[in-house]
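One structure below.
Chains as they are written, first to last, in our numbering: chain A, 1 to 197; chain B, 1001 to 1197.
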């Protein structure tokens, strides 16, 4: 086998992920067979499984990237921008998450692989941000950072279900306002210079 | 075939629904084969499909009853009691909803069968209740009844995803408080006698 550069390897990885995402969205998790993954990525099964040890691992990398994008957007532009991003996502792709929700509960390896990275890499900066917004008086202080971040995550999951069921969010601004009323500090305790939440 | 009384028919219907619910929860939607449904209900396929035209129809009746129970509890004891009921549900059963979410989007007959009854029977009393609580100053008046009820429904779906993924709601009181802050009228506009929301 010819030696290929690191750059070429990274490209291949992206090529596999992009094709696989499309394939999962179109056929669902079970329906995304190896043959279909080969067709969608333009690569042989040998090449695909050289980069990802299994279909589970391939899917988990895609799920991880979505979580990462959600959290980064939250850190950069606020939870409202992150929620809007979820609401603009392809319903077919969102549906794949729901299809395999059960695996998170019933397959300990699957769950652990997903949770470890999230807990280590994504949760700390997010909770730190929430804590700092509580201290500055933007977010309510009578709930833990975990509860506030968890609530926004729960709302994001509610958005996923609604979209995957074919029911668009009719008024995203209204939803954002409702979530804002839930997590923001009451007006009287807020600092004069209102910060981004 | 011997003639059976209406009472006996109603009993059979319940027997089928009870067994089918257990069967769906245990094996998932696809996994609940006719053979397994026969075993779980203690009845032949002929008997089962004499009461329900298809597996879809059987599942939709169960889903309909859950929605009905959720709305009745909301009307009788408030949205908070209804959310607590969802959070206490069997994760296996909740997972079946997620498994077939896609059908609501992609199968127009399935969707229509579910929506028609909900729109006709459940939505009117619920929206009427929300409207009356807005008028009495318990719920915020700057959002439509559809937006407030829709928000609580979206949170309920978020609870379903979290439970089905094996992650219990750690602090249900905190979640209820957050949702309450979202939907209740600000303190100053509330009437002195605080009503149940």
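Ideal Cβ placement from N, Cα and C applies to all residues, glycine included.
Min CB distance residue 1157 of chain B to chain A below 8 Å: yes
Within-8 Å CB hit, residue 138 of chain A to chain D: Judged by its chain identifiers, the structure shown contains no chain D, and its protein chains are A and B.
CB contact below 8 Å: residue 199 of chain A versus chain B: Since the first residue of chain A shown is 1 and the last is 197, residue 199 of chain A is not available in this structure.
Residues that residue 1184 of chain B bridges to, as DSSP identifies them: B:1139
Short Cβ contact (8 Å threshold) for residue 1029 of chain B with residue 1049 of chain B: no
Contacts of residue 175 of chain A in chain B (Cβ-Cβ under 9 Å): 1147, 1150, 1151, 1154
Any chain B beta carbon closer than 8 Å to residue 62 of chain A: no
Partners in chain A for residue 1101 of chain B, counting only beta-carbon separations shorter than 7 Å: 95, 98, 161, 164, 165
Residue environment, residue 1088 of chain B, which counts as buried when at least 16 other CB atoms sit within 10 Å: exposed
Alpha carbon of residue 8 of chain A to alpha carbon of residue 53 of chain A, nearest angstrom: 19 Å
Stretch pair the segment 34 to 50 of chain A + the segment 113 to 131 of chain A: three plus CB contacts closer than 8 Å: no
For residue 184 of chain A and residue 140 of chain A, believed in contact at Cβ under 8 Å, the rounded distance: 6 Å
Cα-Cα separation between residue 179 of chain A and residue 153 of chain A, rounded to whole angstroms: 11 Å
Cβ distance (whole Å) where residue 74 of chain A is taken to contact residue 63 of chain A below 8 Å: About 17 Å separates the two Cβ atoms, so there is no contact after all.
Closer than 8 Å at the beta carbon, the chain B residues around residue 143 of chain A: 1174, 1177, 1178
Closest Cα partner of residue 161 of chain A within the set A:27, A:127, A:182, A:97: A:97
Given residue 1171 of chain B as reference, the closest of A:173, A:24, A:145, A:156 once Cα atoms are compared: A:145
CB-CB length for residue 86 of chain A against residue 159 of chain A, believed under 8 Å: 5 Å
Residue 195 of chain A versus residue 149 of chain A - alpha carbon distance: Note that residue 195 of chain A scores 49 on pLDDT, short of 50, meaning its location in the model is unreliable; the coordinates nonetheless yield the value given after this. Looking at the two C-alpha atoms, the distance is approximately 17 Å.
Cα-Cα separation, residue 61 of chain A to residue 104 of chain A: 14 Å
Three-way DSSP call (helix, strand, coil) for residue 1052 of chain B in this model: coil
Cβ of residue 171 of chain A within 8 Å of any chain B Cβ: yes
Below-8 Å beta-carbon distance, residue 1070 of chain B vs any chain A residue: no
Cutoff 8 Å: residue 1110 of chain B Cβ touching any chain A Cβ: no
Chain B within 8 Å of residue 82 of chain A, Cβ atoms only: no
Alpha helix (DSSP H) runs wholly inside the segment 108 to 180 of chain A, at least 4 long, in chain order: 108 to 117, 123 to 135, 145 to 164
Per-residue burial, residue 168 of chain A [other beta carbons within 10 Å of its own, 16 or more giving buried]: exposed
Alpha helix (DSSP H) segment containing residue 1095 of chain B, residue limits: 1091 to 1099
is_contact[residue 1182 of chain B, chain A] using C-beta, thresh 8 Å: yes
Contacts around residue 1017 of chain B, its chain only, beta-carbon distance under 7 Å, and the 5 residues preceding and following it disregarded: 1061, 1062
Start-to-end residues for the alpha helix (DSSP H) that takes in residue 1016 of chain B: 1006 to 1031
Contacts of residue 168 of chain A in chain B (Cβ-Cβ under 9 Å): Here the premise fails: no neighbours, minimum Cβ distance about 10 Å.
Whether residue 1025 of chain B touches residue 1090 of chain B by CB criterion (8 Å): yes
Chain-order list of residues whose beta-carbon lies under 7 Å from that of residue 1067 of chain B (same chain, five-residue window excluded): 1118, 1122
Chain-ordered neighbours of residue 104 of chain A on chain B, where CB pairs are closer than 7 Å: 1165, 1166
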